[in-house]
Each structure stands twice: as structure tokens, then as C-alpha cells.
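To keep things clear, I will list the structure first and then write my remarks on it.
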Amino acid sequence: MSTILRGLQFYPGKTVIHKLDPRVKLVISLLLMATAALYLEVTIISIVIVIEALLSIVAKVFSRWARTVYGAAPLIILVFIANFLFKLSMPGQSLSFQSIYESLQLAYRLVAFLASFSIFFLTTTPEELGMALTKMKVPYMYTFAFISAIRFTPILAEELQSIVDAQKSRGLELEKGNIITRLRRYIPILVPLMVNVLRRSYELAEAIEVKCFGAKKNRTYLKELKMTTKDWITLSASIVLFTVAICIRYFSRISIP
Amino acid sequence: MREVNLEINEGEFVILAGRSGCGKSTLLRCFNGLIPHFYDGEMIGKVEVCGLDTRQHPPYILSQYAGMVFQNPDNQLFALTVEADIAFALENLSFPRDEIKKRVNQALEIMGIEELRDKSTLELSGGQKQKVAIASILAMHPKILLLDEPTSSLDPFSAKQLIDTIIDLNEKHRITILIAEHRLEMLLPYASRIIIIDNGRVVLDGNPREILEKHDVIPYGVSVPRIVKVVTHLKKTLNNSLIPWAPLSVEEFVDIIRRWEKK
Amino acid sequence: MIVFENVEYVYPNGFKALNGINLEVNSGEVVALMGENGAGKTTLLKHLNGLLKPTSGRVLIDGVDTRHSTVASLSRKVGIVFQNAEDMFFSPTIQEEIEFALNNFHFPGDVIKKRVDWALKFMELEEYREKSPFLLSGGEKKRLALAIILAWSPDIVALDEPTVGQDMLQKEKMIQIIRQANQQGKTIIISSHDVEFIAELKPRIILMSKGRIVRDGPSEEVLTDIPVLQECRLLPPQIVSLTSKLDFLGLKPKLARPEEVANEIARRVRHLVNYS
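Residue numbers (this note's numbering), protein chains in the order written: chain A, 1 to 257; chain B, 1001 to 1263; chain C, 2001 to 2276.
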């Protein structure tokens, strides 16, 4: 699980990809996912994954990107098994090479999805994402909630560790016992955590009041997103490629393995 | 708070002292409108800050005159980068972008943290976070800075750095300072005034030298610097007239003895 | 009682917090760990009850290797009061809060009752027995944290920054409690950067910097070694600073009481006055 999370972490970068407008990056990721959604054929999905790999190389995040994909392996396998079993349970189906292959294709497609998701997060900082949301006219309340979640999650994680340490030091043993007793043992962890979150919210509310949050309806912004020529070119190219992909899918008679 | 009557003039450097729970924090919150607007309870009497009656103006107006910095560095930084955090209040107040840019640059410079501009708020040390917190308040150009135990969670070295910066704000930029603190040794030599609060009442108010010399402040939970204790004993042993002074720091003490020696 | 043999500790993110710690603390000692934030003090404390286990070397508590013990069993002997101990409360009443650890350590019912009564009395919290821990004041919460640990009477009591945010009176109370606990035979380890507080207590001092022990000795020696203190980003106690700067009067840096220093200065000043 943590390998996936680490793959999704935000790092500032200076490559061409990093410097693209986050909205363009979002569109590219979505188009790649949509392309993968259109096809089940292994060759096309592989092309999509290769494109994503190339993007990650240009963005110099290849190893981290690869780690996400690798980390998702358990999930992929789970999906494969679930889908295969589901197929078997359908009337008239039997254990055949065809059904195994179809389930594999589905699982493989999931890899393309996750990989494209990961590319986006590896090349976009939460700040940029916040700016993109604002530019897309998402109400500031929501953008602020998003940024705050990113801002305070590490702090809460530290707090959680701190509470676990303190309670273990009072003799609490979390590993022992059956499911029911184990759950009860989490009360000394969860109650302090909740209290901490509530207390923190109170302090934050004071601090934010003092920084005039919500004072004016028309909030201004220090930084604003502006599309550059590079952004427009990249965006257009992506849309063209995607259109080609649609055409091949629906209008051509070429059979693809 | 009980029957508090106070007048603080522009440019003063005031220490609020007293034991935990005496009312220092409550008093501070009277100056920026958090009391009565943010807290429940009853307020009797009037507080005027820069001519504004705090009952008639909301905190977001008063905070532009009296900015507040809190104890916990993490619970007052909201953005992901230092620059964004300093701009936060100004964005909330709908300042035009150019003005925001100018003020952010100014604040970074005054606090001496230009090199932190693009850093993530998650990577900063405690002392750095507090400096950013002050910078983000300074961006609003307040005349008064209210500080509620800002060095509590810092190690002594970082605490001294922060206090030196705060002293600078008063000395060079004429910002009126009201600071509630337990760690007094670093502040006493510089402060123009100390107000000691006990049980919601102002029990002592005046020049730190006089107050510490003439009164026993220990029952009020105020820590007396060791220097002052040395001087008190010195006055008992030597002739009182030889010691008309009341040094508040090691440097002052040594200075006076040197001059004595020369004489 | 406590032995650290060539202990090294590297955090999962690669940061080496302890870089070869060799340490011996005997039963009944009072020891202060000092150093700036990041020097490794808290990391070292966490090795005392097995929360952290050395990545190299070993820690022995009363002869037991911490790598072969659980945190629960080590905690029976080593009680750690963390910095924000007030953040660990979860019970409806103070009594139950204190009982929690005693139950975890399988104390018999009648012993639990006695221990709770004693702890409440010792920390002057009897009147709050049925009160919710969340409704206590800051100072009372700190006293409760101590009551909780002292209730199970660990041989070793470790305190992580016990004076942060406290006023003068609370600090003096803390010193009294530490002295009393020590008189009862407990080994006390305090991690602190409050130089004046430590100067008052006068324990053995272990000075740390960047994961290593830089100085280990009595307060009178360590707190008067100004260069080493500065190296560790600590300010010397005011008395030491004063006496060292009065070297032109013939004084040497010393950890003395204000009266003694005043008498010293008075003597030399009279000397001067008599000559003029």
C-alpha cells in the first residue's frame, strides 16, 4: 500500500512536463485513461502504457512511476481473480482460455488507468492542482479544504504515531486478541486522535479568523494559471491523437491483436 | 478578566506576564476582536484599538490593526509554500495582485527569510515556522503585534533568534508589541513595560526594572532572572547607595561593574 | 541499570539519529539529556522501553536486551512521560485513566485501588477523581500524566521536556516531584533544553549533538563548559554566563547560587573600593 502512496507523492520538478499547465496535464491523463477505456486489445493498451512510460522518462520520474505500477500488483491480481470468478459464475460459461484471457485484459487495462493517474500526481504539485480547481471556478471553500487536507495529513500522521507510542508505553498491546478485543483496544488510540483533531480545528479556526478568511466575497489570488503556447500545442496534439484513437476504434476494419 | 483599565501607547514593547491561566491570553484576544466576536461570554466595558471600538468592528477589520501570532507553529500556517502562506491573508482581503506581491516581498525581507520563499511549509523547523507566521501577519501592515507565547515550543537558541527579530520589529519598524511569555530573561532587558496579571486582574504595571526591584513577583508565577536575584543580594551586602541600578541582563550587569572598576 | 552498547539508530527515511551511543546509568541516578532539537534525545528515550530498537548495537535494561522484549514488558520497568502526554487521555474519569496502565500490567484489583489512591494523593488530584481528564487545566493535565506513570511505580522514570510551557511555580513543583521520586529509589532520566531548570536540579548531564554524546559529567562541570554548550546550541545558565564575563574581577565560570555569587562580587568590589 505504501508503495502506491509513495508513487502518488508530490515532488516539485523542473522538466517540460512539470512546467505544463496542470489543466493540460489533467486532460492528457484523462485522455490516456479514455483511450484505455475504449480498447481491450493488448497491443493498444501496451501502447498507452509505453506512452505513459515515455512521459515519465521525460519528466524524470520513471523509477517512482514504475514503483506505483509495481505496488499496484496485488490490486491488479485481485481484480483479475474477481473478474474471472465472476465470469465463471455466469450461466453457460466454462473454464476456457478465452475467459482467462479476457479477465487478464481487464486487469491489464487497470494498469494503464493507474499508471496514467500516477503520472498526473507525480508531475503536479497540490498547489498547482488547487490553482487549477480555482481557475475552473470551483468554489474556494472546496479548494481550501483540499489544500488543508494535504497540509495537515502529515501532521495528523505524526500525532497518530505519538498517541500509539504513548499508549504502548502504558502497556497497551494492539496485536493480541481476537477481532473483537482488538477493536476495543483501538479506543485509546481513536479517542485521543479525535480529541486532538477537534482541538486543532479550534485553534485553526482562531488563526484563520485572524487572517481574515471569508472577509471578502471576491477573493484575489497571488498566482494565476495562464496557458502558454507550449500548453496549447501539447493540448491540441493530445486531442488530435485521441481523435485518431477513436477513429481507429470505431471506423476502421483493421483487426488488432 | 476583572476590572481591567489599561492604556498602551504607540511604539511600546509590553510584556504580559503571570502564571498559566491568569488571563494573559484572554487579554490579548480583547485587542483584535476575538473577544467579543469569536468567543461566547459577556464583555462589560469598552476596548478601543487605534480609535476603533472592538465591539463595533469585526475581527477581520481589527486584525489589520492588531495582528496576532499564536503559540503552536503548525496551527497557524495554512498554505503549502511559505510564499503562499504570507499571501493568504491579503488574498482573503481581496488585495490586488501587485500589492500582494509587494507586501509579500517586504514581509520576507523584514523577517529575513527570503531564502524560504519557495519552501514547503512541511519542511520548516519550529523557529522558521514562527517567523513565517509573523511574516504572514506583517503583510497586513498592522500597527500592533499581539504574540501569545510564541516561543513556547522552541528550543532556547531558536527562541532567542525569534525574540531578537521581534525586538527588531519594535526598534526599527516602530511596531507596538504586546507579548505574553513565560521565558522572560530574553525580553526583560528590552521591554518598556511589564504588566503582571493574576486571576484576571492587573496587579502590577510599569517599567520592568522598577517592578522587579521593588516588588516580589514570584507569588504571581513570574520567573525572576537569576541576575536580578544576584543584584538583590548584592544590595544587602554592600551599601545600597552604591547600587542605584537594576540590570536585567548579563551584559548590563557586567557593563556596570566594568565602569565601576574604571572609576 | 541502563546500558547502551554502541547503539546506532537509523530512521526508515534514512536519517541516522543515533551515531554510536555508549552509556551506563546506575540505579538511583538522576540524569539529564541535553542538546538541541534533532540531537537525538527523544530517539534515545524511546530506546529505553523498546519503542525503538537499535539498528546496530544493543540496549540493556536491568540486564534485559530490549530487542528481545516487548514494549509492554519493558514499560513495566521504564515509565516514559512524553512531551504532549496530555494528548493520550481517553477515559471518562481520571480514576479510570490511571487504572488503564495498571490493568494492562495485570495488577490485582486491590493493589490497583491502593496505587490509584496513592497516585492521586501524591500529585494532589484527589478532588478530581471522578472528573473527566479533558476538563482539567493545563497544569492539572501535566500532573495527571505524571500520576499515570508513577502509579505503576516503574524503576526508571523518563521525562521528555517536562517544563515546556510551564510557569515558574509549576517548574518548582516539578523539581520537588523529581526529587521525591528519586528519594524513593527511582532512576530519573530527563530530556530537556531548559538550562535554568536543569541548573536548579543539578543532575548528571549527558550532552548530545548530532546523535553522539559530546559530554557526560556532573552539572558543575558540563554547565560551566561554555564552548561545548555553544557547540550544542545551548545557552549557558545566566549565573554561569555572569561569572564567566566577570573574569576581570577574578571570577571563574561557576554554577553557584545567587547569594554566593553576590557575596563573591561584594568581596572583590570592597577590595576595589578600599583601594580607591
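Think of the CB as a built atom: it goes at the ideal place given N, C-alpha and C, for glycine as much as any other residue. Bear in mind that the values here come from a model prediction, so they are computed numbers and not experimental data.
Only counting the same chain, and skipping five residues up and downstream in sequence, which positions put a Cβ closer than 7 Å to that of residue i?
i: Leu8 (chain A); result: Note that Leu8 (chain A) scores 48 on pLDDT, short of 50, meaning its location in the model is unreliable; the coordinates nonetheless yield the value given after this. For Leu8 (chain A), where only same-chain residues beyond five positions count, the Cβ hits under 7 Å are Thr68, Ser118 and Phe121.
i: Ser2241 (chain C); result: none
i: Val48 (chain A); result: Leu32, Thr35, Ala36 and Ala112
i: Gly2185 (chain C); result: Gly2028
i: Gly1018 (chain B); result: Lys1024, Ile1196, Ile1197, Asp1198, Tyr1220, Gly1221 and Val1222
i: Gln167 (chain A); result: Pro188 and Ile189
Going along chain C, which residues have a C-beta under 9 Å from residue i?
i: Ser63 (chain A); result: The contacting residues do not exist; Ser63 (chain A) stays about 16 Å from chain C at best.
i: Pro1156 (chain B); result: Glu2036, His2193, Asp2194, Val2195, Arg2233, Leu2234 and Leu2235
i: Val195 (chain A); result: Asp2087, Phe2089, Phe2090 and Phe2134
For residue i, I'd like the list of residues in its chain whose CB is within less than 6 Å of its CB, leaving aside the five on either flank, ordered along the chain.
i: Lys134 (chain A); result: The residue asked about is misnamed: residue 134 (chain A) is Thr in this sequence, not Lys. Here the set comprises Thr143.
i: Phe84 (chain A); result: Ser103
i: Val24 (chain A); result: Asp231, Thr234 and Leu235
i: Ile1167 (chain B); result: Tyr1190
i: Tyr1065 (chain B); result: Val1049, Cys1050, Pro1142 and Lys1143
i: Gln1076 (chain B); result: Phe1070 and Ala1133
i: Gly1112 (chain B); result: none
i: Pro1941 (chain C); result: Given a span of 2001 to 2276 for chain C in the structure shown, any question on residue 1941 (chain C) remains unanswerable.
Going by DSSP in three states, residue i sits in which element: helix, strand or coil?
i: Glu2097 (chain C); result: helix
i: Met2208 (chain C); result: strand
i: Gly1127 (chain B); result: helix
i: Leu1248 (chain B); result: coil
i: Ile2188 (chain C); result: strand
i: Gly1200 (chain B); result: coil
i: Arg1097 (chain B); result: helix
i: Glu1261 (chain B); result: helix
i: Gly7 (chain A); result: Note that Gly7 (chain A) has pLDDT 44, beneath the 50 cutoff, so the model's placement of it is unreliable and the number below is only indicative. Reduced to three states, the DSSP call for Gly7 (chain A) is helix.
i: Met1186 (chain B); result: coil
i: Arg2179 (chain C); result: helix
i: Val1132 (chain B); result: helix
i: Thr1026 (chain B); result: helix
i: Leu1178 (chain B); result: strand
i: Gly130 (chain A); result: helix
i: Met2168 (chain C); result: helix
Leaving out five residues before and five after residue i in sequence, what residues of the same chain have Cβ atoms less than 8 Å from its Cβ?
i: Thr3 (chain A); result: Per-residue confidence for Thr3 (chain A) stands at a pLDDT of 48, beneath the threshold of 50, marking its modelled position as unreliable; no derived number is given.
i: Gly1250 (chain B); result: Residue 1250 (chain B) is actually Val in this sequence, not Gly. Only Ile1227 meet the Cβ criterion.
i: Trp2152 (chain C); result: Arg2076, Gly2079, Ala2101, Leu2102, Phe2105, Phe2107 and Arg2115
i: Val1202 (chain B); result: Val1004, Asn1005, Leu1006, Ile1195 and Ile1196
Counting C-beta neighbours from all protein chains within 10 Å, is the total for residue i 16 or more, i.e. buried, or is it exposed?
i: Arg170 (chain A); result: buried
i: Val2081 (chain C); result: buried
i: Gln161 (chain A); result: exposed
i: Lys2171 (chain C); result: buried
i: Met1 (chain A); result: Per-residue confidence for Met1 (chain A) stands at a pLDDT of 41, beneath the threshold of 50, marking its modelled position as unreliable; no derived number is given.
i: Lys1131 (chain B); result: buried
i: Lys217 (chain A); result: exposed
i: Leu2111 (chain C); result: Note that residue 2111 (chain C) is Val in the sequence shown here, rather than Leu. Val2111 (chain C) is exposed by the Cβ-count criterion.
i: Gly2040 (chain C); result: buried
i: His2068 (chain C); result: exposed
i: Cys247 (chain A); result: exposed
i: Lys1172 (chain B); result: exposed
Under 7 Å between beta-carbons, which chain B residues line up against residue i? List them in chain order, please.
i: Ile2265 (chain C); result: Leu1234
i: Leu2044 (chain C); result: Correct list: empty, because the minimum Cβ distance to chain B is about 16 Å.
Just the chain B side, please: which residues come within less than 8 Å of residue i by C-beta, in chain order?
i: Thr134 (chain A); result: Correct list: empty, because the minimum Cβ distance to chain B is about 11 Å.
Below 7 Å on C-beta distance, what does residue i contact in chain C?
i: Lys1253 (chain B); result: It is worth fixing the name first, because residue 1253 (chain B) is Phe in this sequence and not Lys. Near Phe1253 (chain B) (Cβ distances below 7 Å), the residues of chain C are Leu2242.
In chain A, which residues lie with their C-beta within 8 Å of the C-beta of residue i?
i: Ala2101 (chain C); result: Arg170 and Gly171
i: Ala2085 (chain C); result: Ala166
Just the chain B side, please: which residues come within less than 9 Å of residue i by C-beta, in chain order?
i: Pro126 (chain A); result: Leu1080
i: Ser241 (chain A); result: In the sequence as displayed, the identity of residue 241 (chain A) is Leu instead of Ser. Result: empty, since nearest Cβ-Cβ is about 33 Å, beyond 9 Å.
i: Ser200 (chain A); result: Looking at the sequence shown, residue 200 (chain A) is not Ser but Arg. The contacting residues are Asn1072, Asp1074 and Asn1075.
Counting only Cβ pairs nearer than 7 Å, list the residues of chain A close to residue i.
i: Phe1095 (chain B); result: Thr220
Mind pulling the chain A residues with CB within less than 9 Å of residue i?
i: Gln1076 (chain B); result: Glu203, Leu204, Glu206, Ala207, Ile208, Val210 and Lys211
Which residues of chain C have a Cβ atom closer than 8 Å to the Cβ of residue i, listed in chain order?
i: Ile1257 (chain B); result: Leu2246, Leu2249, Ile2265 and Val2269
Problem set entry | Interfacial residues, the stretch 2057-2077 of chain C to chain A, with Cβ spacing under 8 Å | Thr2070, Val2071, Ala2072, Ser2075 and Arg2076
Exercise. If you measure beta-carbon to beta-carbon, which residues of the stretch 1173-1202 of chain B are closer than 8 Å to chain C?
Worked result: His1182 and Glu1185
Exercise. Taking Cβ-Cβ distances below 8 Å as the criterion, which residues of the stretch 2243-2264 of chain C are in contact with chain B?
Worked result: Lys2245, Leu2246, Phe2248, Leu2249, Pro2258, Glu2259, Val2261, Ala2262 and Asn2263
Exercise. Name the residues in the stretch 85-119 of chain A whose C-beta lies less than 7 Å from a C-beta of chain B; which are they?
Worked result: none
For this session: Could you run through the stretch 2215-2232 of chain C and flag, in chain order, every residue whose CB is less than 7 Å away from some CB of chain A?
Result: none
For this session: Check distances from the C-beta atoms of the stretch 1207-1238 of chain B to those of chain C and list, in chain order, the residues that come in under 7 Å.
Result: Ile1218, Gly1221, Val1222, Ser1223, Pro1225, Arg1226, Ile1227, Lys1229, Val1230, His1233, Leu1234, Thr1237 and Leu1238
Problem set entry | Contact list for the stretch 2115-2141 of chain C against chain A, Cβ threshold 9 Å | Phe2134
Problem set entry | Contact residues within the stretch 1099-1112 of chain B, judged by C-beta distance below 8 Å to chain A | Ile1100, Lys1101 and Val1104
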